[in-house]
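Take the sequence shown: its position 320, counted from the start at 1, is 320 in the working numbering, and no numbers get skipped.
Built from N, CA and C at the ideal position, the CB exists for glycine as well.
Okay, structure first, notes after.
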Amino acid sequence: MMKRLLLLLALLISAQAHAQKFAGLADTPQMGWNSWNSFGCDINEKLIRDTADAMVKLGLKDAGYQYVNIDDCWHGKRDKDGFIHADPGRFPSGIKALADYVHSKGLKLGIYSDAGATTCGGKPGSRGHEYQDAKTYADWGIDYIKYDWCDTKGLSAVGAYTTMRDAIRAAGRPMLFSMCEWGDNKPWEWAKDVGHSWRTSPDIYPCWNCELNHDAFSRLGVLRIFDRQAGLRKYAGPGHWNDMDMLEVGMGMTEDEDRAHFAMWAMMASPLILGNDLRKIPQSTLRILENKDVIAINQDKAGIQAWKFFDDGKLEYWAKPLANNEWALMVLNRGEQAASVNYDWKAHFVSDELSKREIDFKLATYDWRDIWGGKSGDTSKKLEAKVAPHSVLLLRLKPQPLDGAACSTTPAPRKLSYHWMSRARWQQMFEEDVEVADKGGVDLLFVGDSITEGWNADVWKRSFGQWRTANFGIGGDHTGNVLWRLQNGHAEKLHPKAVVLTIGVNNFSFCNATPAQAFDGVKLVVAQLRKLYPDARILLNAILPHGESPQSVERKRVLELNRMVAKLNDGKHVFFHDYGQAFLQQDGVMSADVMPDFLHPTPWGYQLWADAMLPDIRKLME
């Protein structure tokens, strides 16, 4: 036992040097089950084993639920050296054996403790034993720690939770740290680097809009917890979530209320921790909890929490930006009567300052699908529906696929907003280029997309500072966007000696174009530049290698396009050059040191590109 105590001392010293929470454990909100809502202190190892079995058998594991969490009252006593043991009557095989069983099912085991001297159920807490307990949990094979806030008089929440975070790091096993502090000390303001999630409210109660008052605390219904999230969305994101407490689906509310509850938690990117008895779950409840489309909204990799953007007095409209320029829309009926939806998409401009995402339905059409009802439609027509009381209408919106040929060859301004650039920002950048064009006096003009936009400032100045140079690159532009900019951006006022053009890769991702369709767009951009600048020389860059491996689909698609683009070289006005080899290793593999995302260069990558181009640019500028 003395060796264990000495080890703990070493861990404590080590942790103080470089403590941090484990990364990668909650890149999307955690999903699982917890014993408290249904069983309270009435738990044992058979219940946990049976629940793990049920999660697999019912398909919940396949749906994404992975944590089986033991809540309060598993505790036995501490031994003479202070190490905690499980209650031998409730858990005769021990927690290590239980963890092994849960792991054998492809699931993970969570456990509960408390920052105070005793837990909320009166069992031994972790105060003064944080490093001992974390090491014990790690030795048992625990994957998740829920850490409560009872019996904490005189403690600093920041200090107590940071201490346990450091103890978990010192124990050496990645364990998700779920902070159950009830929002009393505004953990969202300080806990991003401490826990993977933090409670934002008192405990939940299975009702729509009520408060169950106990002498020392209250439990809140679904709506009351939902309303407490106002102002908190800016604190949530991958690895650090606002936790609205465990789910009460299947615990006594109506099916409409259960669906609304599940949808609200999904929209708010709250952890999805089941609280019902999985050994006797009705199919109606299971259908709600396994709805893959609602789960996908919650687990969306963009990690953005929804916000209310419109309220017509009877219905609330909530929006959640998703990855791939998709959106989720929830229409909430809080009231006691059914309400009609008569929503004119084009009358509402949806803009999110937090994520820099927006939708203008006058410019872009989205297909929508009713996740609970199964209906579908698009935003070219008004949305008409009925929403039952205590219920929601939940839609997923996806931009309509573009015609690759038309997108590539039709001049058009940016229509969609992305999390990395809103349409408003695109417009601002375009207007900045117009100002440059109006001033004139440019000898060397760069035209393109994000690869052109992203030149490192030092590399740019060092390589091209000898000339009067302008950069007309805007991230995300395809050839249709560049054509529109050249036609509407006063580009004719410039009289450059040379133009460096790199364009075409975005036609694949944003236009769904084939290489041949993308080539048609590149050909039109070159023709437009020739029309604008008949005396200029065009350095037509091959699209830089895209993708890490020579065998990647992206790389092969780019090679096919480059073979076509090379035909535009006429040796007089247009000079095609492929500088791609400068970015590749001898085996053809792309190094992350040159392009971390295998598309956009690092400063070193830009220097390699500049060094490769400069001899040709000097010739063109003579």
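Cutoff 6 Å; reference residue i; Cβ partners in own chain excluding five residues on either side
i	result
M253	P206
W188	L232 and Y235
E130	T163, M164 and A167
N541	T502
D158	Looking at the sequence shown, residue 158 is not Asp but Val. Cβ neighbours of V158 beyond the five flanking positions: W190.
Q487	P411
D360	F349
Q517	G404, A405 and S408
Exposure label - residue i; buried when at least 16 CB within 10 Å
i	result
A406	exposed
L416	buried
W609	buried
A527	exposed
D184	exposed
E45	buried
E336	exposed
K3	Per-residue confidence for K3 stands at a pLDDT of 49, beneath the threshold of 50, marking its modelled position as unreliable; the derived number appears in the next sentence. By the 10 Å Cβ count, K3 comes out exposed.
A15	In this predicted model, A15 has a pLDDT of only 46, less than 50, meaning its place in the structure is not dependable enough to derive any value.
Q551	exposed
G110	buried
L614	exposed
G89	exposed
W318	buried
E211	exposed
Q20	exposed
Own chain partners of residue i with C-beta closer than 7 Å, once the 5 adjacent residues on each side are dropped
i	result
A612	Y579 and A582
G239	A23, A26, D27 and H196
W426	R414 and I474
L223	W208, N209 and R334
D50	R279
F464	L444
N325	P399, L416 and Y418
One or two residues paired with residue i in a DSSP bridge
i	result
D243	R199
Y112	K146
S218	N213
F576	L540
K386	S340
V392	L332
D370	L395
D378	D367
F177	I145
Residue i to residue j span [Cα, whole Å]
i	j	result
P545	W265	41 Å
H390	P202	21 Å
G313	A306	19 Å
I451	T502	8 Å
P534	W241	56 Å
W455	Y606	7 Å
R530	N512	27 Å
I273	V499	57 Å
P596	G547	10 Å
S156	R555	54 Å
T379	A263	21 Å
E358	C150	43 Å
Y147	A160	10 Å
R78	E290	40 Å
A536	H495	8 Å
I543	F510	16 Å
E492	G440	9 Å
T200	F309	22 Å
W420	K356	7 Å
L599	G588	14 Å
V294	S178	23 Å
L58	Q283	10 Å
M267	T469	46 Å
H75	I145	14 Å
L247	I225	11 Å
T365	W327	12 Å
8 Å CB neighbourhood of residue i in its chain, flanking five on each side removed
i	result
W467	D443, L444 and M621
P174	F22, G24, L25 and D143
A52	V68, Y101, V102, K105 and L107
M55	W33, K61, Y65, V68, K105, L107 and L278
K386	A338, A339, S340 and V341
V392	R259, A260, A263, M264, M330, V331, L332, N333 and W372
Neighbour flag for residue i against chain C, beta carbons, 8 Å
i	result
G110	Absent from the structure is chain C; it holds one protein chain and no more.
Check: Which ranges does the alpha helix (DSSP H) cover as unbroken runs of at least 4 residues, wholly within the region 411-493, from first to last along the chain?
Finding: As far as the region 411-493 is concerned, its whole alpha helix (DSSP H) runs of at least 4 residues are 423-439, 450-453, 457-464 and 479-488.
Note to self: Give the list of continuous alpha helix (DSSP H) stretches no shorter than 4 residues that lie fully inside the region 128-175.
What the structure shows: 130-140 and 157-171
Check: Which whole runs of the alpha helix (DSSP H) in the region 290-368 are 4 residues long or more, in chain order?
Finding: 292-298
Notebook entry, point to check: Where in the region 28-91 do unbroken runs of the alpha helix (DSSP H), each at least 4 residues long, occur, reported from the N-terminal end onward?
Noted result: 36-39, 45-57 and 60-63
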